[in-house]
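Visitor: Next up is a structure, given as structure tokens.
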Amino acid sequence: MDEHPNTQLATLAYLKMGDLNFKRSKWEDAEVNYRMFLTLNPQSHLTPYVLNRIIALNFEKNYYGIFFPFAEFRP
Numbered sequence: 000m001d002e003h004p005n006t007q008l009a010t011l012a013y014l015k016m017g018d019l020n021f022k023r024s025k026w027e028d029a030e031v032n033y034r035m036f037l038t039l040n041p042q043s044h045l046t047p048y049v050l051n052r053i054i055a056l057n058f059e060k061n062y063y064g065i066f067f068p069f070a071e072f073r074p
């Protein structure tokens, strides 16, 4: 990403790094990577996916990440 910052592959790397950080529960790093992807590629067909991931990580970070160790859903 640093050597070739304006290539399509570098842009996609931000998305993959965001997904990796999301899986590792590194919410801030994931959000930075997702937002970099959107900044560099705002008209991408992956934009709805990235916005969904940003919403999901903010939910995890703000709601469950602070108050509860895990999410338990009950009917």
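Using numbering that gives the first Met the number 0, the first residue of the sequence shown is number 0, and each one after it goes up by one.
Heads up, the beta-carbon is just placed ideally off N, CA and C, and yes, glycines get one too.
In this text, all values refer to a predicted model and were calculated from it rather than measured experimentally.
How big is the Cα-Cα spacing for Leu14 and Asn32?
Guide: For Leu14 and Asn32, the distance between alpha carbons rounds to 6 Å.
Visitor: Within the continuous alpha helix (DSSP H) that includes Asn32, where are the two ends?
Guide: Start and end: Trp26 to Leu39.
Visitor: Using 8 Å as the threshold, is the C-beta distance between Asn57 and Thr10 below it?
Guide: Going by C-beta atoms, Asn57 is not nearer than 8 Å to Thr10.
Visitor: What does a CB cutoff of less than 6 Å around Trp26 pick up in its chain, not counting 5 residues either side in sequence?
Guide: Only Leu56 and Lys60 meet the Cβ criterion.
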